[in-house]
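In our numbering, the protein residues as written are 11 to 269. Every residue gets a Cβ at the ideal spot worked out from N, C-alpha and C, and that includes glycine. Source: prediction; values computed, not measured. Quick notes on the structure that follows.
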Ligand SMILES: C[S@@+](CC[C@H](N)C(=O)[O-])C[C@H]1O[C@@H](n2cnc3c(N)ncnc32)[C@H](O)[C@@H]1O
C-alpha cells in the first residue's frame, strides 16, 4: 500500500511540471507547444463547459481541485461554491496560482501527491483535470490517491475526473507516456467509490467542427463560443466503439463515495 511515493510518477514524460509552469497562461497547464494559443483556448473552453454541466455545484459546497496547477479551474469554480482548495505537487505551479488575483474563498496547499491536510469527510467534490492520467498506470500510487480522495469526501460526495483515456489501449499524447484505458481508471482498489456517470469530453484527433474552433484568429473565438456546447453534446454521446480511430480522448468520470 503506497503511503509515500517517488514523485517522478506524477511528471510528464517529455518535461517536468516545474518547466511547464515557466510557460505561463494556458501553455503551463494544457499544451506547452501551442504557439498560437488557439488549440489551448478551444481545450480550455470545452473543459470548462464540461465542468459547468457535470459538476452540479451548490453554493454551500466545499471543493478540492486536485492538481490545480496555476489555478485555472480553482478560480473558475470559486464564485459558485463556499470554498475551493487547490492542491498541487509542483511549488512553481502553486507560486503562479498564489500570485494570480482571485476570489477570497480560494486556498492553496502543497502536497506530496498522496496527502493533503484536510479533515476526513469534509469535502463535497474532488475535481481532477488532466492530473491522474500521469500516474494511473502505476496502480498502487493511483489507488493511494483515490483513497485520499475518499478519505476527504463526505458520504455521497463525488469526484469528477477529466482524464485522458486511450480507446484502443495503445496510444496516448506525447506527454502522458503509457496509454491508459477506461478500465485502468475504474480499478479503484479498496477506495470506496463507485462509477456514477461517464462520457467523452474532447477528442485527441478532433473532427471537422472541433477543428474549426482552433483555426482562425478571429473566427476561432466566434466558433468556439457558438459551437462548443454542441460539440460537447455530440462528444458526450459517443461510445468507446465509435472512438477507435482516436489516439486518445478526454474522458469524464463521475465517481461517488459510498455511504
Ligand atoms: C496538466 S496540469 C493540469 C492543471 C489543472 N488541473 C488544469 O487543468 O488547469 C497537471 C497538474 O497536476 C499536478 N500533479 C500531478 N500529479 C499530482 C498529484 N498526484 N497530486 C497533486 N498534483 C499533481 C502537476 O503539478 C500539474 O500542476
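{"Check": "Short Cβ contact (8 Å threshold) for residue 52 with residue 223", "Outcome": "yes"}
{"Check": "Residue 103 CB to nearest heavy atom of ligand 1 below 7 Å", "Outcome": "yes"}
{"Check": "Span of the alpha helix (DSSP H) around residue 39", "Outcome": "35 to 39"}
{"Check": "Given 8 Å, three or more beta-carbon pairs between the stretch 199 to 216 and the stretch 251 to 267", "Outcome": "yes"}
{"Check": "CA-to-CA distance, residue 147 to residue 215, given in whole angstroms", "Outcome": "22 Å"}
{"Check": "Residue 164 beta carbon less than 8 Å from that of residue 112", "Outcome": "no"}
{"Check": "Segment contact flag, the stretch 194 to 209 with the stretch 30 to 49, C-beta cutoff 8 Å, min 3 pairs", "Outcome": "no"}
{"Check": "Residue of 69, 58, 151, 199 minimising C-alpha distance to residue 137", "Outcome": "58"}
{"Check": "Residue 64, DSSP secondary structure in three states", "Outcome": "helix"}
{"Check": "Those residues which DSSP pairs with residue 118 across a bridge", "Outcome": "96"}
{"Check": "Distance CB(residue 156)-CB(residue 199) smaller than 8 Å", "Outcome": "yes"}
{"Check": "Assigned secondary structure, residue 247 (DSSP; H/G/I helix, E/B strand, else coil)", "Outcome": "coil"}
{"Check": "Cβ neighbours of residue 128 in the same chain (closer than 6 Å, five flanking residues each side left out)", "Outcome": "162"}
{"Check": "Counted within 10 angstroms of its Cβ, other Cβ atoms place residue 227 as buried (16 or more) or exposed", "Outcome": "exposed"}
{"Check": "Check whether residue 60 and residue 242 have beta carbons under 8 Å apart", "Outcome": "yes"}
{"Check": "Beta-carbon contacts of residue 169 that lie in its chain and below 6 Å, excluding the five residues immediately before and after", "Outcome": "136, 159, 265"}
{"Check": "Residue 182 vs residue 258 beta-carbon contact at 8 Å", "Outcome": "yes"}
{"Check": "Cβ separation of residue 87 and residue 15, assumed to be a contact under 8 Å, to the nearest whole Å", "Outcome": "About 27 Å; that fails the 8 Å criterion."}
{"Check": "Runs of beta strand (DSSP E) lying entirely within the stretch 196 to 227, each at least 3 residues, in chain order", "Outcome": "203 to 213"}
{"Check": "Unbroken stretches of the beta strand (DSSP E), 3 residues or longer, contained in the stretch 158 to 182", "Outcome": "163 to 175"}
{"Check": "Beta bridge counterpart(s) of residue 265 as assigned by DSSP", "Outcome": "169, 205"}
{"Check": "Cβ neighbours of residue 50 in the same chain (closer than 6 Å, five flanking residues each side left out)", "Outcome": "36, 40, 41, 44"}
{"Check": "Cutoff 8 Å; reference residue 89; Cβ partners in own chain excluding five residues on either side", "Outcome": "113"}
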